[in-house]
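Remarks on the structure that follows.
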Amino acid sequence: MIVTIDGPAGAGKSSVSRRLADEIGFEFLDTGAMYRAIALKGLRAEVDWANVDLLVEYAKSATIDLSGRAVILDGEDVSHAIRSQQVTEVTRYAAGNIGVREELVRLQREIAAGKDIVTEGRDQGTLVFPQAECKIFLTASPEERARRRVGDLAARGESADFQVILQRQAKRDEEDMQREVGPLLKADDAVELMTDGMTEVEVLQKLVGIVQRYQ
Ligand code: C5P
């Protein structure tokens, strides 16, 4: 069974989706981490972001292992590095690259094949797994999402200004929704959950309830 969880940046998808997978005994796939990993690879190589083909080469040659709790890129644990603000800013070049998306979507389908899995991203219920049994669209207001992001960054020791984060988030939302391939979109058959004012435990309980309806 495949459970897809899509939604905008900062809706708290990653942590709650992983907890959901643990709770119901499913595997978990964080597809945003894959785009971040390719962006990190480009950043480290000081790639010219306009060089679209080179990024595709990176996506084809990279080994990304998400089978454990860590994100392993070419043998190195990059779980922490891929969450920096700098990587967050340049991930748009990986996410907006059609060839990179093709490669990562292929990998996502390969990873999920024959498994019980919770897969999280932007296009999981629409483009990658349109046949998924259970689809969830998780969202929250822009202000709530920006507040959470500021909190996450503070926990990493990175200071962030709320207004700046809010502005950048609006730009990322726009890019996510306007993207030609794999845009952020609620699937027609997805259940929408608005998480404003809810604790992570409350969101988790709701998600477990939704999945149980389809099991
Ligand atoms: O979810 P997260 O913030 O880690 O995703 C990083 C970036 O990767 C997002 O800004 C989004 O544009 C992109 N992404 C994507 N398709 C996915 C998952 C993430 O384009 N399935």
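Residue numbers for the sequence shown, in my numbering: 876 to 1090.
No residue lacks a Cβ here, since even glycine has one placed at the ideal position from N, Cα and C.
- Every alpha helix (DSSP H) of 4 residues or more that sits fully in the region 960-1037 is shown, in chain order, as 960-970, 973-987, 1017-1030.
- In the DSSP annotation of this structure, the continuous segment of the beta strand (DSSP E) that includes methionine 1069 starts and ends at 1066-1069.
- Distances between the C-beta of serine 889 and the heavy atoms of the ligand C5P include at least one below 7 Å.
- Cβ-Cβ distances below 8 Å link glutamate 1075 to Gly887, Ser890, Val891, Arg894 in the same chain, with the five nearest sequence neighbours on each side left out; the list follows chain order.
- When DSSP states are grouped into helix, strand and coil, valine 878 belongs to the strand group.
- Checking the 7 Å criterion, the Cβ of tyrosine 1089 is out of range of every heavy atom belonging to the ligand C5P.
- Across the structure, alanine 970 and aspartate 1051 are spaced so that their CA atoms are roughly 8 Å apart.
- Per DSSP, aspartate 923 lies in no beta strand (DSSP E) and is assigned neither H nor E.
- The straight-line gap separating the alpha-carbon atoms of lysine 1061 and phenylalanine 1004 is approximately 13 Å.
- Between arginine 958 and the set Gly950, Arg1023, Asp1027, Gly900, the nearest pair of CA atoms involves Asp1027.
- Residue environment for aspartate 998: buried (at least 16 other C-beta atoms within 10 angstroms of its C-beta).
- Contact between proline 1017 and glutamine 1044 holds: their C-beta atoms lie close to 6 Å from each other, under 8 Å.
- Contact check for leucine 1013 against threonine 1070 passes: the beta carbons are separated by less than 8 Å.
- According to DSSP, residue pairing for isoleucine 1040 in a beta bridge does not occur.
- Distance between lysine 990 and threonine 906, taken at the CA atoms: about 16 Å.
- Rounded to the nearest angstrom, the Cβ distance from alanine 912 to valine 946 is 6 Å, consistent with a contact under 8 Å.
- When secondary structure is reduced to three states using DSSP, aspartate 1051 falls in the helix class.
- DSSP places leucine 895 in no beta strand (DSSP E) but in the uninterrupted alpha helix (DSSP H) bounded by 888-899.
- If you check the C-beta of arginine 1047 against the ligand C5P, you find a heavy atom less than 7 Å away.
- Set against 7 Å, the gap from the CB of glycine 1057 to the closest heavy atom of the ligand C5P is smaller.
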